[in-house]
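Encoded as C-alpha cells, the structure appears first; notes follow it.
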Amino acid sequence: MQAPVTDEQAREAAEALAAHGSQVKAAAALGIARSTLQNRLRGGAGGAAPKPAPQPATPAELVVADRKIVRLQDEVNDLRAKLREAQRGHLADEVVLDALGVMGAAPESPPDWLTRIPAASATKTPEVPVTIWSDWHMGEVVSRDEVGGCNAYNIEIAERRVRRLLDATIDICANHGPKSYPGIVVNLLGDFVSGGLHPELAKTDDEEVIPAALRCRDLLIAGLERMAAIFGKVYVPCTAGNHGRGTPKPEFKRYVYKNFDWLIYQLLQRHFADDPRVQIDIRASNEVHYRVYGQRYLAMHGDMLGVKGGDGIIGSIGPIMRGEVKTRGQATSLGNDYDILLMGHWHQELWLPRAIVANTLKGFDEYAKNALRAPPSEPSQPLWFVHPTRGITSRWAVKVEERKATPADWVSWREAA
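So that you can map any letter, position 297 of the sequence shown is 300 in our numbering, and since no number is skipped, the others follow by simple counting.
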C-alpha cells in the first residue's frame, strides 16, 4: 500500500512543476518517478492537488482592476436608483388609490334613470335638468380696480356665488321648469382651483392649492347633498382641468393622477360611497360619455381640443368649432359618438349647435381685459332641460351675482326725436 502524501510532499511537487513547466522535468529535478510526482500533485489517492500560491498583482494591474470595480459600482448604483424610482412611482399610485378608497374602476355606464324613457302619461313628462359647474378658480383674486370696477373675486365672493348658484338652480327647476324630474346631472368640468398655475397667480392667490382644494371639496359636498335632497338622484360626471395640474407644463401620461381636480373628485367619491342617491363618475381618460334619454353627451374640460387661439373679437368660437370637429372625428373612431360636447375652460357662455360651453364663476378678470380685450360677461353656469323625445327644451344661464332691482315698467321704449 502506498504511503499517504504529506502536505510537504504535495507542496514540493507543485513548486517543482511551476518552476520547470513540465511533469517530466519536475520529476527529474526531484529524483522521483513521474507517476510519483502525479500522485503527489493529486494530493494522494483521494485528495485534490494543491494550487500554487497566487502571484501578487502588479501596480498597473491593481489600477485597472480598481477602475473596473468603480465602473461596475457606478452601474449598480445607477440601476438601483432607477429601480427605486420606478418602485416609488408605482407605490405612490397604489398608496393614493388605496388611501382614497378607489378600489375599482369607474362605473361602466351612467345610472338607469338617465336613459329610462318614462311611460306615456296625461300629466307632465319627466325631464332631466343638466348643469355644468366649472372654472371656479378657488383661491384666485380679481381686483375690482384693475378691471374697471365691473367685477371682483376672492374666497369670500366665491363662496357667496356658490350659494347663489345652488339657490338659483333650485329656484329655476322648481318655479320655471317642468317640475317633474327623475334626477339631475351635475357635470364637474375642472379648474376648481386657481392652483398658482402662472407666476402672477402664485403671487396673488388668496390661498395655496391644497387649502383651496379642501375648500372646494366642502362646497361641492354641500352642493351635491342639497341637490340629492331636492332631486332624489344625482349623476356627477367629472373631468380635470389645466389649473388643477401639479406640473409646470401639461403632461399627457398619467395626467389625472397629478391633478388637484382629480383629488377633489376622489374625496367626493369617498364621501358619497355609501349614498346611493349620488353617483360620481371619474374616468382615467379624463372624458365621460353618457346619455340623457336618447341624447348623447361627451364631457371634458376643454383645454385639450387639439387647437389653440381665440381673441377678443370672435372670442373662443373659432377654436372651439375647429376643436369640436377634431374631437367628433376621434370620438367616432373610438366608438364614442356624441350629439353634444360639454366643456368649460373658455370662460365664455356659448350654446353652439354641437357644443355647450360653460362660463366661469370667477367672471371677468385682468387677463380678459388686458390681453384679450374681451367684453365683460356676468359670471354664470349653464342649466338646461332634456325631454325624452324633444331633446333640449330650455336653456338657462344661472346668474350668481346679487340680483339687481327690477324696473317698475314691464316694457319701455325710447320716443322718437
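Using N, Cα and C, we set each Cβ at its ideal position, and we do this for glycine too.
C-beta atoms of residue i and residue j nearer than 8 Å
i	j	result
residue 267	residue 223	yes
residue 8	residue 43	yes
residue 237	residue 280	yes
residue 367	residue 144	no
residue 142	residue 183	no
residue 344	residue 330	yes
residue 386	residue 401	yes
residue 228	residue 396	no
residue 121	residue 382	no
residue 169	residue 226	yes
residue 2	residue 334	Here the chain comprises residues numbered 4 to 420, so residue 2 is not present and cannot be evaluated.
residue 370	residue 341	no
residue 14	residue 27	no
residue 155	residue 147	yes
residue 157	residue 302	no
residue 175	residue 354	no
residue 140	residue 407	no
Exposed unless 16 or more other CB atoms sit within 10 angstroms - verdict on residue i
i	result
residue 251	exposed
residue 48	Legend: pLDDT at residue 48 = 46, less than 50; position of this residue unreliable, no value from coordinates given.
residue 3	For residue 3 there is no data in the structure shown, the boundaries of the chain being 4 and 420.
residue 295	buried
residue 17	buried
residue 132	buried
residue 405	exposed
residue 384	buried
residue 298	buried
residue 413	exposed
residue 322	buried
residue 203	exposed
residue 70	exposed
residue 75	exposed
residue 283	buried
residue 337	exposed
residue 188	buried
residue 278	exposed
residue 206	exposed
residue 476	Since the first residue shown for the chain is 4 and the last is 420, residue 476 is missing from the structure and cannot be characterised.
residue 265	buried
residue 46	buried
residue 218	buried
Strand pairing of residue i, partner residues [DSSP]
i	result
residue 389	131, 395
residue 238	188, 282
residue 248	262
residue 303	Note: residue 303 sits in no beta bridge, so no partner.
residue 2	For residue 2 there is no data in the structure shown, the boundaries of the chain being 4 and 420.
residue 383	402
residue 141	196
residue 294	299
residue 343	300
Close-in-space but distant-in-sequence residues of the same chain around residue i (CB under 8 Å, 5 per side omitted)
i	result
residue 347	135, 137, 138, 192, 193, 194, 244, 304, 305, 360, 361, 363
residue 39	30
residue 258	243, 248, 289
residue 24	none
residue 22	29, 32
residue 261	248, 249, 250, 254
The ligand GDP heavy atom lying under 7 Å from the CB of residue i
i	result
residue 29	The ligand GDP is absent from the structure shown, which contains no ligands of any kind.
Beta-carbon contacts of residue i that lie in its chain and below 7 Å, excluding the five residues immediately before and after
i	result
residue 274	224
residue 326	308, 309, 310
residue 351	318, 319, 360, 362, 380
residue 116	185, 186, 236
residue 429	Past the boundaries of the shown model lies residue 429; the chain is included only from 4 to 420, so the question cannot be answered.
residue 253	245
residue 389	130, 131, 133, 295, 296, 298, 395
residue 118	294, 296
residue 82	none
residue 230	187, 189, 237
residue 153	367, 379
CB contact below 8 Å: residue i versus chain B
i	result
residue 296	Absence of chain B from the displayed structure is noted, only one protein chain being present.
Sequence-distant residues of the same chain with beta carbon closer than 6 Å to residue i, five excluded per side
i	result
residue 233	173
residue 160	none
residue 339	292
residue 424	Since the first and last residues shown for the chain are 4 and 420, residue 424 lies out of range.
residue 41	none
residue 114	238, 282
residue 181	127, 130
residue 177	none
residue 220	267, 270
Worksheet item: Which ranges would you report for the alpha helix (DSSP H) in the stretch 253–277 if only whole runs of at least 4 residues count?
Response: The stretch 253–277 is shown to contain whole alpha helix (DSSP H) runs of 4 or more residues at 263–274, in chain order.
Practice prompt. Kindly provide the ranges of any alpha helix (DSSP H) runs that are 4 or more residues long and lie completely inside the stretch 316–341, ordered along the chain.
Written response: Annotation: the stretch 316–341 contains the following complete segments of the alpha helix (DSSP H) (minimum length 4 residues), in chain order: 320–336.
Item to complete: Pick out the complete beta strand (DSSP E) segments inside the stretch 170–225, 3 residues or longer, and give them in chain order.
Response: Listed in chain order, the beta strand (DSSP E) runs fully inside the stretch 170–225 are 187–191, counting runs of at least 3 residues.
Worksheet item: For the stretch 346–381, which segments carrying the beta strand (DSSP E) assignment without a break, of at least 3 residues, lie completely within its bounds, in sequence order?
Response: Counting whole runs of 3 or more residues, the stretch 346–381 contains the beta strand (DSSP E) stretches 353–355, 358–360.
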